[in-house]
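Below: one structure, written as structure tokens.
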């Protein structure tokens, strides 16, 4: 699956579930979702559930860390890696 499709699906989920103001609507891919106050611990669990169901991947407890889930860019790279798109992560 192309990274652009992964990003589109993740952005749509975040927009529908965590964006509540126009100020947050144009979220940069590198913006910390936690620091921006868009996602809290419960939101991370919702995000993990979405990733597991939408992309048919397993997210191990040890993988629920900011390095994997704190920004759209990080989530895209994480999902791409789980899907075996490691070569396209840098693209």
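Residue numbers (the numbering used here): 73 to 163.
The beta-carbon is built from N, C-alpha and C at its ideal position, and this holds for glycine as well.
Per DSSP, residue 153 is one residue of the alpha helix (DSSP H) stretching across 144–154. In the structure shown, the three-state DSSP call for residue 140 is helix.
For residue 151, the number of other beta carbons within 10 angstroms of its own is at least 16, and it is reported as buried. Boundaries of the alpha helix (DSSP H) around residue 85: 75–90. Comparing alpha-carbon positions, the option among 93, 100, 133 and 108 lying closest to residue 79 turns out to be 100. Contact check between the stretch 76–92 and the stretch 134–143: fewer than three CB pairs, one atom from each, fall below 8 Å, which does not count as touching.
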